[in-house]
Amino acid sequence: MNEEIKIIDVRKNILSDNENQAELIREDLRRKKVFMVNLMASPGAGKTSLIIATLRQLKDQLRIGVVEGDVESTVDTEKILHEGVPAVQIQTGGACHLDAPMINAGLGDLDLTHLDLVFIENIGNLICPAEFDTGSDLRVMILSVPEGDDKVLKYPLMFTVCDALIVNKTDYLSITDFDMPLLHRRVQELNPKMKVFEVSCRTGAGMKEWSQWLLAQVQKKIA
């Protein structure tokens, strides 16, 4: 007897459930007029440094909170709290990304009625985080100069789903063979709508341009 074998696509089901939760988060933040940014990058690219540098640029104009994601430790959350900004820690215990249910739990520990902007610092990874919607208004990735200009070719999904690219550690350009014009061309070919910012969190170069652009995006929603 030949019976048709039913194949259950677990990955498809997981992504579908995540999308549903992400939309609920997005709707809740819309009602509360809170803007959320999902920040993604490789380990060491400068996610925490960028958040802190942005906080210092915008703290007098926006009320900001942070959801920190890490496999282990609270090191980055402690840095954010030291800036006087509310932050919650999500420890995944091995998971390589943050998903919508995790973000929903994290947001539950922030007083959203007193916030305008929430940063998600996702797990350091250029693969998995790109696949999972967190309910954010904006997806931003960081590429640091020491990582090289070829990452557009190696991790196309991340560059495709993100709205903005921040090229960090530009103070390293003089001691590397990083080709900035080539990077811009590759980004333009893959994702013409992606906004690109060249910054150095260490020196502060480019931070005003990025911060003012972000402020404008937030104000469109919370006005």
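The sequence shown stops at residue 215 when you use the working numbering, and every number in between is there.
Don't be surprised by glycine CBs; every beta carbon is placed ideally from N, CA and C.
**Study point:** Between the CA atoms of VAL144 and ARG178 - distance to the nearest angstrom
**Key:** When rounded, the distance between both Cα atoms is 7 angstroms.
Review point. Relative to the alpha-carbon of PRO173, which residue among LYS185, VAL159, ILE167 has its alpha-carbon at the smallest distance?
Key: VAL159
Exercise for review: State whether the region 110 to 120 contacts the region 4 to 19, with contact taken as three or more CB pairs (one from each stretch) at a distance under 8 angstroms.
Suggested key: no
Practice item. Take VAL210 and list the residues in its own chain whose beta-carbon comes closer than 8 angstroms to its own, dropping the five residues that flank it on each side. Key: Hits under 8 angstroms: PHE27, LEU54, ASP108, LEU109.
Practice item. Drop a sphere of 10 angstroms on the beta-carbon of ARG23, count the other beta-carbons inside from all chains shown, and report buried for 16 or more, exposed for fewer. Key: exposed
Check your understanding: Can we count THR66 as close to the ligand GDP, meaning its CB is less than 7 angstroms from some heavy atom?
Key -> Of ligands this structure carries none, so the ligand GDP is not represented either.
Practice item. Note down the Cα distance separating GLU139 from GLU(-4), rounded to an integer number of angstroms. Key: 48 angstroms
Exercise for review: State buried or exposed for PRO184, treating a residue as buried only when at least 16 other CB atoms are found within 10 Å of its CB.
Suggested key: exposed
Check your understanding: From ALA87 to VAL63, what distance separates their C-alpha atoms?
Key -> Between ALA87 and VAL63, the C-alpha separation is close to 7 angstroms.
Exercise for review: Within the region 122 to 209, note down every full beta strand (DSSP E) run reaching 3 residues or more, in order along the chain.
Suggested key: 130 to 136, 156 to 160, 187 to 190
Point to revise | Contact under 8 angstroms by Cβ, VAL58 with ALA37 | key: no
Check your understanding: Under a Cβ-count criterion, where at least 16 other Cβ atoms within 10 Å of its own Cβ denotes burial, should GLU60 be classed as buried or exposed?
Key -> Its Cβ being crowded by 16 or more others within 10 Å, GLU60 is buried.
Check your understanding: Which of the three DSSP states, helix, strand or coil, is assigned to ASP68?
Key -> helix
Exercise for review: Specify the secondary structure class of ASP91 as computed by DSSP and reduced to three states.
Suggested key: coil
Check your understanding: Three-state secondary structure (DSSP) at GLU60?
Key -> strand
Point to revise | Where TRP205 falls, given that 16 or more other Cβ within 10 Å makes a residue buried | key: exposed
Check your understanding: In angstroms, rounded to a whole number, what distance separates the CA positions of CYS154 and MET186?
Key -> 7 angstroms
Practice item. Give the range of the alpha helix (DSSP H) segment to which GLN83 is assigned. Key: Per DSSP, GLN83 belongs to no alpha helix (DSSP H); it is in the beta strand (DSSP E), 79 to 83.
Practice item. Measuring alpha carbon to alpha carbon, tell me which of PRO35, THR69, LYS25 ends up nearest ILE216. Key: In the structure displayed, the chain extends from -7 to 215; residue 216 sits before or after that span and is not available.
Point to revise | Outcome for PRO35 when other beta-carbon atoms lying within 10 angstroms are tallied against a minimum of 16 | key: exposed
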